[in-house]
Amino acid sequence: MLGYIDKIKEISKRLLDEGKVDMIIGFKKGTMPMMNEPCFVKTPDEASKLVWDSNCGINLANYLTDRKEKIGVIAKGCDSRNIVTHIIENKIKRENLVIIGVPCKGMIDRRKISAMFDAEVRQVSEEGDAIIVKGNGFEEKLKKSDLLQDNCSTCIHRNPALYDELAAPLVEEQKDIDKYADVRKIETMQPSEKWDYFDNLLSGCLRCYACRNACPLCYCPTCFVDEANPQWVGKSQDETDIRTFHFLRAYHCAGRCTDCGACERACPVGINVRAFTKKLEKDCFEMFGWEAGISIEKRPPLDTFKPDDPGKFIK
């Protein structure tokens, strides 16, 4: 994917030169390995600082909410699907966007790489389908496919769902992928086993709300955890409050989540937050044939009705 950057810079510079956008939202090199940063490019000359590689996992749709300017945004598959959701939910106008689509072959998981080495990782670079990892006294060449974020390894929508310009030819989508194998494994558990599983899953939660803040779907004017009148959930580290936060946040994402992995990527203690949202994603697909963010012409399952919708739960 390193070869995309020249085209991304070219398109971004042209859009700014021609006055078609007020800014480009993309990525610049971060100050730490494997941590590229979102950036806002407002002049043609600034386009030179844009980067694109396998460390651009942050979902840039999160930076579009309620903006009124004309914006160019660099969007991989999951970003574009969240942009579609933004448009459907009237969080941004389609005519205010120029979407620079970037076909994606997956983002690497910095935690997987860091866990492989005792010493600090100082530098990470790409070479084709390989990742070069360097640190004090070591250098390793690793296979990129072994280092992908979990959501990327099962992604079947790598190409942008909506775009105005393409930075590279569309890539072949992954086939014969069992997206929900992990969900089915949990579904087969006994109730007591499920309780223990999720109890252990959330045992390290700090209630820092990094998952909420990184999520491109969490844009309520006042989040339910911040609401004081009425107070829906306590502010403590009590287990009930922690569970309530995660359960309710997941339900708010039902029919909207694209499994972009932003929540899991942002968690400072590495909680598999997707264990909640992915179950709801699976249910929406199996019951309603729905995948979020594929088309701006279709309404999500929780705000539309069809006579053949399954209704066993109300019988």
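Mapping of the sequence shown onto the working numbering: residues 2 to 316, in sequence order.
We treat Cβ as the ideally placed atom computed from N, Cα and C, and that holds for glycine.
Keep in mind the model is a prediction, meaning the values are calculated, not measured.
In this structure, the beta-carbon distance from I157 to I178 falls below 7 angstroms. For S126, the three-state secondary structure derived from DSSP is strand. Between the stretch 266-283 and the stretch 230-246, the count of Cβ pairs shorter than 8 angstroms is below three; the stretches do not touch. For L98 and V85, the gap between their C-alpha atoms comes out near 11 angstroms.
Contact between the stretch 255-274 and the stretch 150-167 is established, with three or more Cβ pairs separated by less than 8 angstroms. Secondary structure note for G136: its beta strand (DSSP E) is the uninterrupted segment A131 to G136.
Counting only runs of at least 4 residues, the stretch 18-48 fully encloses no alpha helix (DSSP H) element at all. In the three-state scheme derived from DSSP, where H, G and I count as helix and E and B as strand, G102 is classed as strand.
When secondary structure is reduced to three states using DSSP, G4 falls in the helix class. The C-beta distance from N91 to A62 rounds to 14 angstroms, too long to fall under 8 angstroms, and the pair is not in contact. The C-alpha of K106 lies about 36 angstroms from the C-alpha of K307.
Looking at the backbone, the Cα of D147 and that of I132 are separated by about 10 angstroms. The shortest CA-to-CA distance from K10 to any of G27, T66, V270 and V184 is the one to G27. Contact annotation: the stretch 196-207 does not touch the stretch 137-153, with fewer than three C-beta pairs closer than 8 angstroms.
For E141, the uninterrupted beta strand (DSSP E) run begins and ends at F139 to K144, by DSSP.
With fewer than 16 neighbouring CB atoms inside 10 Å of its own CB, E298 falls in the exposed class.
For R112, the CB contacts under 8 angstroms within the same chain, skipping 5 residues up- and downstream, are G271 in chain order. C254 places its beta carbon less than 7 angstroms from that of T278. G73 is bridged by DSSP to I25 and V99.
Straight across, the Cα-Cα distance linking F289 with Y181 is about 16 angstroms.
Taking all protein chains shown into account, K176 has fewer than 16 neighbouring C-beta atoms within 10 Å of its C-beta and is therefore exposed. About 37 angstroms separates the beta carbons of Q150 and G20, which is beyond the 8 angstroms limit, so they are not a contact pair. Between the alpha carbons of I93 and G129 lies a distance of about 36 angstroms. Counted as a single uninterrupted DSSP element, the alpha helix (DSSP H) harbouring A276 occupies residues R275 to F289. Counting along the chain, N83 sits inside the alpha helix (DSSP H) bounded by residues G78 to I89. Here DSSP, grouped into helix, strand and coil, assigns L167 to strand. The residue among A267, L207, N214 and E265 with its C-alpha nearest the C-alpha of R244 is L207. Scanning I12, V42, W53 and T44 for the CA closest to the CA of M35 turns up W53.
According to the DSSP assignment, C153 belongs to the alpha helix (DSSP H) that extends over D151 to S154.
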